[in-house]
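If you're matching positions, the sequence shown starts at 36 in my numbering and goes up one per residue.
No residue lacks a Cβ here, since even glycine has one placed at the ideal position from N, Cα and C.
Have a look at the structure below, then the notes.
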Amino acid sequence: MRRKYVAGNWKMNLNLAEARELIEGIRSKFPSAPPVDLAVFPPYVLLFPMAKALAGSTIKLGGQNCYFELKGAFTGEISPLMLKDTGCQAVIMGHSERRHGFGEPGELLKKKVHAALGDGLEVIYCIGETLEEREAGQTEAVLARQIREVLGPDVVLDNITLAYEPVWAIGTGRTATSAQAQEAHAFVRQEIEKRYNGSSAQTVRIQYGGSVKADNARELMSQPDVDGVLVGGASLKADEFVGIINGAVVASGLK
Ligand code: PGA
């Protein structure tokens with residue numbers, strides 16, 4: 036059975052005091068580790084202190100992005116090994132805010148995913164269609180392209196989690212219905228089967244992201260192909276994030 040995976044993408048939010056309080060608030064609710072995988076993705080400048088705040092917990096630390104080069108004259112960028120040096124185990128790639136806000140194309144993402152995996156980071160690779168693409172009936176074509184551009188036989192899938200994040204649901208309060216999420220996830224799994232094989236398709240985890248909250252998390256994660264959630268806004272509040280984790284625990288028991 037695929038273990039549920041709840042990740043919090045803090046984006047460009049929180050100062051040091053707020054971040055410490057958030058981690059403290061989450062940890063205090065789980066004196067023993069819940070039976071799901073957890074990760075937080077703070078802004079770069081908070082990574083070292085958050086590694087300290089997370090010491091002794093099973094919550095993984097991750098970066099929101101990184102470059103593909105090891106080092107050098109790349110002002111403003113950081114490398115996968117620099118992330119690892121702070122204590123990170125994971126990185127997010129292909130988030131819609133990077134694709135659409137910063138214009139990152141598939142070929143760049145492929146290099147970044149390769150570099151991150153090569154340097155021993157786990158990757159959450161985000162894919163998802165815009166509202167126009169959905170309304171034009173292009174959802175599956177877009178997902179297939181975003182998978183094809185980055186994943187294939189030359190990329191080992193073991194350390195990759197996919198995140199289906201419909202762009203129209205991110206930060207809008209408009210969550211995909213659990214049926215819409217399930218449909219997209221089942222399609223993504225089929226595409227993984229085509230690019231890899233049946234057993235990879237069955238083992239790879241696919242998170243849903245886009246306006247996930249404590250009150251919709253359980254239902255989303257109860258869908259057969261929804262293996263967790265990537266949470267933005269609601270990961271900034273301890274009570275909400277704890278509620279989402281509890282939703283994952285309940286949903287794990289339902290399957
Ligand atoms: P949201 O963001 O939960 O605030 O919609 C999700 C994401 O961007 O990963």
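Paired residues, beta bridge with residue i - DSSP
i	result
isoleucine 162	Tyr199
arginine 240	Thr196
asparagine 44	Phe76
leucine 265	Ala42 and Gly244
glutamate 184	Note: glutamate 184 sits in no beta bridge, so no partner.
glutamate 157	Ala125
Limits of the unbroken alpha helix (DSSP H) element including residue i
i	result
lysine 95	First-last for lysine 95: 95-98, but that is the beta strand (DSSP E), not the alpha helix (DSSP H).
leucine 143	141-153
isoleucine 36	Note on residue identity: the sequence assigns methionine, not isoleucine, to residue 36. Premise fails: methionine 36 is in no alpha helix (DSSP H) and is neither H nor E.
arginine 133	Looking at the DSSP string, arginine 133 is not in any alpha helix (DSSP H), and its letter there is neither H nor E.
phenylalanine 83	82-88
alanine 221	213-230
lysine 64	51-64
alanine 252	249-256
N- and C-terminal bounds of the beta strand (DSSP E) containing residue i
i	result
leucine 73	72-76
Presumed contact (8 Å Cβ cut-off) between residue i and residue j, rounded CB distance
i	j	result
isoleucine 195	tyrosine 160	6 Å
valine 126	leucine 156	5 Å
serine 79	glycine 60	In the sequence as presented, serine is not what sits at residue 79; that position holds tyrosine. Wrong, their Cβ atoms sit about 22 Å apart, outside the cutoff.
glutamine 258	serine 213	5 Å
glycine 129	glutamine 181	7 Å
glycine 233	alanine 211	The pair is not a contact, with the Cβ atoms about 26 Å apart (cut-off 8 Å).
methionine 85	leucine 96	6 Å
serine 287	valine 148	Not a contact, Cβ separation roughly 28 Å.
glutamate 168	valine 177	5 Å
alanine 38	threonine 238	Here residue 38 turns out to be arginine, not alanine, going by the sequence shown. That pair is no contact at about 11 Å.
At 4 residues or longer, and completely inside the region 104-131: list those alpha helix (DSSP H) runs for me, N to C. 115-121
Determine contact between the region 265-281 and the region 210-230, defined as no fewer than three beta-carbon pairs at a distance below 8 Å. The count of Cβ pairs closer than 8 Å, one atom from the region 265-281 and one from the region 210-230, stays below three, leaving the stretches out of contact.
Whether or not the region 273-284 and the region 194-209 are in contact is what I'm after, with contact meaning three or more pairs of Cβ atoms, one per stretch, closer than 8 Å; do they touch? no
Is it true that the region 42-50 meets the region 73-88, where meeting means three or more beta-carbon pairs spaced less than 8 Å apart? yes
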